[in-house]
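J.:
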Amino acid sequence: MLRLFGITSSGRKEGIIMKIEITILGLLMEENLYGYEIKKKIVERLEDYVDIKFGSIYYAIKKAVDNGWVKRVGTEKDSGNPERYIYEILPNGKKHYKMLLKQYFDKTLIHFDIDIVLMFINYLADDQKQQFIEQRMGLIKEKLDGIKKKIDTEKGQGGEQSYREIYTYLEHHLKAELSWLKSLGW
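Position 26 of the sequence shown, counting from 1, maps to 25 under numbering that gives the first Met the number 0, and the rest follow consecutively.
1. Between the alpha carbons of LYS93 and GLN129, how many angstroms are there, rounded?
2. Using only CA atoms, which one of GLU133, ALA124, THR167 lies nearest to ILE146?
3. Roughly how many angstroms separate the alpha carbons of LEU173 and LYS70, rounded to a whole number?
4. List the endpoints of the continuous beta strand (DSSP E) containing GLU43.
5. Looking only at its own chain, which residues have a Cβ that is under 8 Å from the Cβ of TYR33, when we skip the five neighbours before and after it?
6. Within the region 70-157, note down every full beta strand (DSSP E) run reaching 3 residues or more, in order along the chain.
7. Is it buried or exposed for TYR96, if we count other Cβ within 10 angstroms and need 16 for buried?
8. Ends of the alpha helix (DSSP H) at ILE60?
9. Is DSSP giving SER9 helix, strand or coil here?
10. For LEU99, tell me which candidate among GLU43, GLY25, SER178 has the shortest Cα-Cα distance.
11. Taking the straight line between their C-alpha atoms, what separation do you get for MET136 and ALA59?
12. Does the separation of the CB atoms of MET17 and TYR103 fall below 8 Å?
13. Mapping the DSSP letters down to three states, classify LEU32 as helix, strand or coil.
14. Can you tell me which of GLY79, ASN66, LYS62, ILE88 puts its alpha carbon nearest to the alpha carbon of GLY73?
15. VAL64 and THR22 - do their beta-carbons sit closer together than 8 Å?
In structure tokens, the structure reads:
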């Protein structure tokens, strides 16, 4: 089924790995961090947009260290907690990061997790379709409210332009989906 969209299981796996690497290297472009800080920033800023498991972060950091993209620049120890390594992106890591961004822009097509559901929704009774569509519209409206708050917060705090851009990008997609759902007439 995924082949219909030009996606193979290995291509999907590569895409997931690429997202993890882009996310981690991108956060390290901002500042030196230890693993838990990376996870915390992902949760705070990106949890609705990327699904990265905690173990994947440490695996990707180890891979980045092994490949010479990142290095340990120090340690930190809180009382009662194990020692934490602080990581810094290296010039080779910055080069790899830029290459990943270019690859992602060149190869990634827009697809959404809901696409597969929409392929088979016709097998539901009309009242079920209507119920699902209404629930989806409610979810989208809720997400739009959250995104608008994030945009306002970023503007008010003088937040980074890249975060405002991702939020407005997502806002446009959600508005488009909401408009499309309203047009279905189920």
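All residues carry an ideal CB built from backbone N, CA and C; glycine is no exception.
T.: Taking the structure as given:
1. Roughly 48 Å separates the two Cα atoms.
2. Out of GLU133, ALA124, THR167, THR167 has the C-alpha closest to the C-alpha of ILE146.
3. The C-alpha of LYS70 is placed about 38 Å away from the C-alpha of LEU173.
4. Run containing GLU43: none; DSSP gives neither H nor E here.
5. Correct list, in chain order: GLU75, ARG83, TYR84, ILE85, TYR86.
6. Here the runs fully enclosed are 83-88.
7. Buried is the call here.
8. 53-65 is the extent of the alpha helix (DSSP H) around ILE60.
9. Only weak support exists for where SER9 lies, its pLDDT of 44 falling under 50; the value from the coordinates is given anyway. Note: SER9 maps to helix in three-state DSSP.
10. Closest by alpha carbon: GLY25.
11. One alpha carbon belongs to MET136, the other to ALA59, and they sit about 36 Å apart.
12. Yes; because the gap between Cβ atoms is below 8 Å, this pair is in contact.
13. Judged by DSSP in its simplified three-state form, LEU32 adopts strand.
14. Checking every option, the nearest Cα to that of GLY73 belongs to ILE88.
15. No.
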